[in-house]
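Colleague: In our numbering, the protein residues as written are 210 to 343.
Backbone N, C-alpha and C fix where the C-beta goes; we use that ideal spot for every residue, glycine too.
(1) Can you give the Cα-Cα distance for residue 309 and residue 278, rounded to whole angstroms?
(2) Using alpha carbons as the reference points, say which of 328, 332 and 314 lies closest to residue 286.
(3) Who does residue 295 pair with in a DSSP beta bridge?
(4) Which residue comes first and which comes last in the alpha helix (DSSP H) that contains residue 259?
(5) Compute the Euclidean distance between the alpha carbons of residue 269 and residue 217, then round it to the nearest angstrom.
(6) With distances taken from CA atoms, which of 337, 338, 332 and 336 is nearest residue 235?
(7) Out of curiosity, what's the CA-to-CA distance linking residue 297 and residue 338?
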């Protein structure tokens, strides 16, 4: 069965690391059964679209904790309980309460820079876990 990873890029600019630019290549070359969909920040899917074709994993990229928190809460309000991996394009901010707020609703996270093997391990964990629930 083909696995779907919904990739939502909410970055305001380019990531200082090259890791984010290589995500699609890392996923498609390492997870042959995976499929990646990129959805721009201005077009978050509707509840109907999410329920009609739910992804196996949501990969949320952001350059600020505030944007990530809003997006994660928006997905949860839509009734989207698909595993969500938050990828931050910078080191954690000085406000640990905001990071904790995001991590209380996101299922997993990575901060740049990261090792591709760490990223793939997280992707595989959530995709395999979702497969066991089917």
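Modeller: To lay it out plainly:
(1) Reading the chain shown from its first residue, position 100 is the one you call residue 309. Reading the chain shown from its first residue, position 69 is the one you call residue 278. Roughly 10 Å between the two C-alpha positions.
(2) Residue mapping note: residue 286 aligns to position 77 of the chain shown, counting from 1. Of the candidates 328, 332 and 314, the one whose C-alpha sits nearest the C-alpha of residue 286 is 314.
(3) Counting from 1 along the chain shown, the entry for residue 295 is found at position 86. DSSP output for residue 295 lists 269 and 318 as bridge partner(s).
(4) Within the chain shown, residue 259 is the residue found at index 50, counting from 1. Element bounds for residue 259: 256-261.
(5) Here residue 269 refers to the residue found at position 60 when the chain shown is read from its first residue. Here residue 217 refers to the residue found at position 8 when the chain shown is read from its first residue. Approximately 5 Å, taken between the alpha carbons.
(6) Taking the chain shown and counting its residues from 1, the one referred to as residue 235 is at position 26. Of the listed residues, the one whose Cα sits closest to residue 235 is 332.
(7) Translated into the one-based positions of the chain shown, residue 297 becomes position 88. Translated into the one-based positions of the chain shown, residue 338 becomes position 129. About 23 Å.
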